[in-house]
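**Student:**
Residue numbers (this note's numbering): 1 to 287.
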């Protein structure tokens, strides 16, 4: 709700409010509690998905597997978990106070080696099949573009599958030689633009498959290989996918253009008809 201090009885907005307004928030409330319980029941045989808790009205704890499981439930509702780019927009707009928490948002794939060698090899194979060629590493894959697969060969009992709209992002900034480098800004893919005087830092590793997350002091981490590590500082940020979808925004814009065009065309046709009627009346009077 928009609140102001205007000394008036009733306030009226002077701008048109869009039909869809992008929103972001921490997973929680009654719906968040229900989602957490649904995941724990659906994946009751998998310890990696039993680590979150509902406390103080919010879901606490996060792993890469947990975020992917959440998307399986909320995507049909026009929602999704935040991508790295979403989290950077949240920071830029001060939409949420992210300090003091960490948020998982992507995986980083560097090689077929450890950590998580089995899952790394599996993803490398899927990527090659999807794009019909090898892709340079490091690769960043937002968690929103993955789904879970039961796989007893995985140490977690689960593996990740690419989906049709998975993003496979070449991320050279995440090579190990950039470990501890400073930055303040990121590009449109949420990858660091390095600056020795930057206020934030990147922590990155040299091999295998690791998680990518925003740390509690807003640094960017892709050095931790433990995909099942969780703590009470973890939070899951949910955004309104329908509102932020480029396809949806394009569709809404085209609809608005067509609406205005049809209204103007109707007005022109009316004026044309009135003008023709006036000409006929004049000609009839001259007869």
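Glycine is no exception: its CB is placed at the ideal position from the N, C-alpha and C atoms.
If you're wondering where the values come from, they're calculated on a predicted model, not measured in any experiment.
#1: Alpha carbon to alpha carbon, what distance is there between residue 64 and residue 142?
#2: Please report how far the alpha carbon of residue 285 lies from the alpha carbon of residue 277, in whole angstroms.
#3: Under 8 Å, with one C-beta from each stretch per pair, do the region 162-170 and the region 64-73 reach the 3-pair mark?
#4: Beta-carbon separation of residue 239 and residue 77 under 8 Å?
#5: Taking only runs of the beta strand (DSSP E) that begin and end inside the region 60-142, which ones reach a length of at least 3 residues, in chain order?
#6: Return helix, strand or coil for residue 193, following the three-state DSSP convention.
#7: Per the DSSP calculation, residue 282 is bridged to which residue(s)?
#8: Just list the residues that DSSP pairs residue 169 with in beta bridges.
#9: Spatial neighbours of residue 213 within its chain, please: C-beta separation below 7 Å, excluding the five flanking residues on both sides.
#10: Report yes if the CB atom of residue 225 is closer than 8 Å to the CB atom of residue 115, and no otherwise.
#11: Enumerate, from N- to C-terminal direction, the unbroken alpha helix (DSSP H) stretches of 4 or more residues contained entirely within the region 26-60.
#12: Would you say the region 113-127 touches the region 198-210, given that touching needs at least three Cβ pairs under 8 Å?
#13: Short of 7 Å in beta carbon distance, which residues of its chain neighbour residue 159, apart from the five on each side in sequence? Order them along the chain.
#14: Is DSSP giving residue 200 helix, strand or coil here?
#15: Output yes or no for whether 8 Å exceeds the beta carbon distance between residue 62 and residue 235.
#16: Can you tell me whether residue 205 is helix, strand or coil according to DSSP?
#17: Going straight from the alpha carbon of residue 199 to that of residue 218, what length do you get?
#18: Using the three-state DSSP reduction, which class does residue 213 fall into: helix, strand or coil?
#19: Here's a check: name, in chain order, each residue in its chain whose Cβ is nearer than 6 Å to the Cβ of residue 289, leaving out the five neighbours to either side.
#20: Going by beta carbon distance, what residues of the same chain come within less than 7 Å of residue 154, once the five residues before and after it are set aside?
#21: Rounding to the nearest angstrom, what Cα-Cα distance links residue 131 and residue 184 in this structure?
#22: So the candidates are 34, 216, 113 and 162; which of them puts its Cα closest to the Cα of residue 87?
#23: Ordered along the chain, which non-local residues of its own chain (more than five positions away) have a Cβ less than 7 Å from that of residue 50?
#24: Measure the CB-CB distance between residue 68 and residue 162 and report whether it falls below 8 Å.
#25: Take the Cβ of residue 82 as the centre, count every other Cβ of all protein chains shown within 10 Å, and call the residue buried at 16 or more, exposed below.
#26: What's the gap between the Cα of residue 27 and the Cα of residue 229?
#27: Can the beta-carbon of residue 25 be found less than 8 Å from the beta-carbon of residue 96?
#28: Take residue 34 as the anchor and find which of 264, 55 and 46 has the nearest alpha-carbon.
**Tutor:** By the coordinates alone:
#1: Numbered from its first residue, the chain shown carries residue 142 at position 142. Numbered from its first residue, the chain shown carries residue 64 at position 64. If you draw a straight line from the Cα of residue 142 to the Cα of residue 64, it comes to about 10 Å.
#2: To locate residue 285, count along the chain shown from 1; it is residue 285. To locate residue 277, count along the chain shown from 1; it is residue 277. Near 12 Å, if we compare the C-alpha coordinates of residue 277 and residue 285.
#3: no
#4: Residue numbering aside, residue 239 sits at position 239 when the chain shown is read from its first letter. Residue numbering aside, residue 77 sits at position 77 when the chain shown is read from its first letter. No, the Cβ-Cβ distance between residue 239 and residue 77 is not below 8 Å.
#5: Assignment of beta strand (DSSP E) within the region 60-142, counting only whole runs of 3 or more residues, yields 79-81, 103-109 and 139-142 in chain order.
#6: If you number the chain shown from 1, residue 193 lands on position 193. Reduced to three states, the DSSP call for residue 193 is strand.
#7: Residue mapping note: residue 282 aligns to position 282 of the chain shown, counting from 1. DSSP lists no partner for residue 282.
#8: Mapped onto the chain shown, residue 169 falls at position 169. Note: residue 169 is bridge-paired with 140 in the DSSP secondary-structure output.
#9: Locating residue 213 in the chain shown gives position 213, where the first residue counts as 1. Here the set comprises 102, 103, 104, 105 and 221.
#10: Here residue 225 corresponds to residue number 225 of the chain shown, with the count starting at 1. Here residue 115 corresponds to residue number 115 of the chain shown, with the count starting at 1. Cβ atoms of residue 225 and residue 115: closer than 8 Å.
#11: 29-42
#12: yes
#13: Along the chain shown, read from residue 1 onward, the residue named residue 159 stands at position 159. Cβ neighbours of residue 159 beyond the five flanking positions: 119, 122, 149 and 151.
#14: The residue you call residue 200 lines up with position 200 of the chain shown. Reduced to three states, the DSSP call for residue 200 is strand.
#15: The count along the chain shown starts at 1 and reaches residue 62 at position 62. The count along the chain shown starts at 1 and reaches residue 235 at position 235. Cβ atoms of residue 62 and residue 235: closer than 8 Å.
#16: In the chain shown, counting from the first residue as 1, residue 205 sits at position 205. Reduced to three states, the DSSP call for residue 205 is coil.
#17: Sequence index remark: in the chain shown, residue 199 carries index 199 (1-based). Sequence index remark: in the chain shown, residue 218 carries index 218 (1-based). Each residue's alpha carbon lies about 9 Å from the other.
#18: As a working note, residue 213 is residue 213 in the chain shown. Residue 213 falls in the strand class under three-state DSSP.
#19: The question about residue 289 has no answer here: the residues shown for the chain are numbered 1 through 287.
#20: Working through the chain shown from its first residue, we reach residue 154 at position 154. Closer than 7 Å at Cβ, skipping near neighbours: 118 and 119.
#21: Locating residue 131 in the chain shown gives position 131, where the first residue counts as 1. Locating residue 184 in the chain shown gives position 184, where the first residue counts as 1. Roughly 33 Å separates the two Cα atoms.
#22: Counting from one through the chain shown, the residue named residue 87 turns up at place 87. Looking at the Cα atoms, 216 is the closest of the given residues.
#23: Position 50 of the chain shown, counted from the start, is the residue given in the question as residue 50. Within the same chain, residue 50 has close Cβ partners 40.
#24: Along the chain shown, one-based indexing puts residue 68 at 68. Along the chain shown, one-based indexing puts residue 162 at 162. No, Cβ-Cβ distance for residue 68 and residue 162 is not below 8 Å.
#25: Stepping through the chain shown from its first residue, residue 82 is reached at position 82. Classification of residue 82: buried, given that the 10 Å Cβ count is 16 or more.
#26: Taking the chain shown and counting its residues from 1, the one referred to as residue 27 is at position 27. Taking the chain shown and counting its residues from 1, the one referred to as residue 229 is at position 229. If I take the Cα positions, the gap works out to 19 Å.
#27: Numbered from 1 along the chain shown, position 25 holds the residue referred to as residue 25. Numbered from 1 along the chain shown, position 96 holds the residue referred to as residue 96. A contact, by the Cβ cut-off of 8 Å.
#28: Locating residue 34 in the chain shown gives position 34, counting from the first residue. Of the candidates 264, 55 and 46, the one whose C-alpha sits nearest the C-alpha of residue 34 is 55.
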